[in-house]
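First residue of the sequence shown: 1, per UniProt numbering; consecutive thereafter.
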Amino acid sequence: MLKSAQEAEDVSKQIEAFGGQAITFGGDVSKVADVDAMMKTAIDAWGTTDVVVNNAGITRDTLLIRMKKSQWDEVIDLNLTGVFLCTQAATKIMMKKRRIINIASVVGLIGNIGQANYAAAKAGVIGFSKTAAREGASRNINVNVVCPRFIASDMTAKLGEDMEKKILGTIPLGRYGQPEDVAGLVEFLALSPAAGYITGQAFTIDGEQKMDSGLSWADQRDYNSDPPSNSNKEDDKQEGRCKQKQFGEGHTWLQMGQGTSQEI
């Protein structure tokens with residue numbers, strides 16, 4: 001997860017060290033003006049955009065009955081509207097045989113306690129991507145979705161031993177996914193000639209984890225990056241009877257166009 005302009009610059013330098021070209025751009029993908037400026041930056045540098053990876057994401061987790069409209073709007077605006085705006089802007093300038101990969105989540109397929117806004121946004125990304133794939137097919141623009149679940153990150157590294165044991169016990173492979181697992185699939189969908197006939201698909205990366213992770217709402221609050229601030233023990237006890245899962249996702253925006261890497 002890139003949290004600053006400096007981190008984005010560091011990634012840019014790494015790309016250049018391997019012989020690539022990179023440009024960083026800071027902005028808000030839920031704002032039309034920022035998205036247009038970002039695309040213009042890429043066009044000015046390389047003339048077109050070959051690949052788009054939409055991976056901006058935030059969470060504002062709390063139970064549905066407590067969720068403020070502002071918490072709903074923030075997540076929908078960035079996680080869903082941002083995908084719409086970036087995809088729309090890119091398809092206007094993309095030539096034929098280009099690729100778009102949208103990062104969603106298993107939460108968008110099965111839901112999750114305390115994440116009505118996030119689940120709705122990620123489910124929206126999946127449905128949106130399938131429609132975009134149909135509309136882009138005549139121009140040979142492929143659109144696919146990657147849906148990760150528990151991926152090793154700074155958040156998982158901070159988990160206690162008991163919490164980690166609970167999570168890993170629900171994953172048949174017995175380990176977290178690695179960033180390379182996600183990046184490898186994205187690279188295949190973005191660049192491989194063998195992916196040329198794949199479009200409109202949603203791929204899960206979850207180690208064949210059970211639908212029910214066995215984690216209570218109280219457990220999930222220990223894992224969440226943004227737990228509710230107004231919970232109480234009685235609610236935790238009640239919600240703990242319903243067990244679901246919590247997906248950990250790095251919240252990074254990566255926009256690639258012939259080697260461009262842009263942090264939003």
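Glycine included, each C-beta is placed from N, C-alpha and C at the ideal position.
- For the 8 Å CB-CB criterion, Asp61 and Gly114 form a contact.
- Three or more pairs of CB atoms, one per stretch, sit closer than 8 Å, so the stretch 25 to 35 contacts the stretch 68 to 88.
- Considering only Glu161, Gln201, Gly207, Met94, the residue with the shortest C-alpha distance to Phe150 is Gly207.
- By the beta-carbon neighbour count (other beta carbons within 10 angstroms, threshold 16), Ser192 is exposed.
- Comparing alpha carbon positions, the residue from Ile65, Gly47, Asn79 closest to Ala90 is Gly47.
- Segment contact: the stretch 173 to 181 against the stretch 126 to 137, fewer than three CB-CB distances shorter than 8 Å; contact not assigned.
- Where Pro148 is concerned, the enclosing beta strand (DSSP E) starts and stops at 141 to 148.
- Here the C-alpha atom of Ala183 lies approximately 23 Å from the C-alpha atom of Met39.
- In this structure, the CA atom of Ser12 is about 18 Å from the CA atom of Ala56.
- Lys165 counts as exposed, since fewer than 16 other beta carbons sit within 10 angstroms of its beta carbon.
- Ranked by Cα distance from Ile65, the options Ile93, Asn117, Ile100 are led by Asn117.
- Asn117: member of the alpha helix (DSSP H) spanning 116 to 136, first to last residue.
- Within the same chain, Cβ atoms closer than 6 Å to the Cβ of Leu63 are found at Gly114, the five residues on either side in sequence being excluded.
- In the three-state reduction of the DSSP assignment, Asn112 falls in the coil class.
- Taking all protein chains shown into account, Met95 has fewer than 16 neighbouring C-beta atoms within 10 Å of its C-beta and is therefore exposed.
- Asn54 has Asn102 as its beta-bridge partners, per DSSP.
- Taking a contact as a CB-CB distance under 8 Å, the pair Gly124 and Leu80 counts as one, their CB atoms being some 4 Å apart.
- Put simply, of Arg98, Gly127, Thr156, Ile167 the residue whose alpha carbon is nearest the alpha carbon of Ser138 is Arg98.
- Beta bridge pairing from DSSP links Phe203 with Val146.
- Taken atom to atom, the span from the alpha-carbon of Ala22 to that of Ile167 is near 37 Å.
- Ile167 sits in a helix when the DSSP states are folded into three classes.
- Excluding sequence positions up to five before and after Ala152, its CB lies within less than 6 Å of the CB of Tyr176, Gln178, all in the same chain and listed in chain order.
- Contact between Gly127 and Ala119 is ruled out by a C-beta separation of about 12 Å, above the 8 Å threshold.
- Under DSSP, Ile151 takes part in a beta bridge, and its partners are Gly177.
- Approximately 6 Å separates the beta-carbon atoms of Ile103 and Asn54; this is inside 8 Å, confirming the contact.
- Between the C-alpha atoms of Asp28 and Ser4 there is a straight-line separation of about 13 Å.
- Comparing alpha carbon positions, the residue from Thr59, Ile15, Ala190 closest to Val75 is Thr59.
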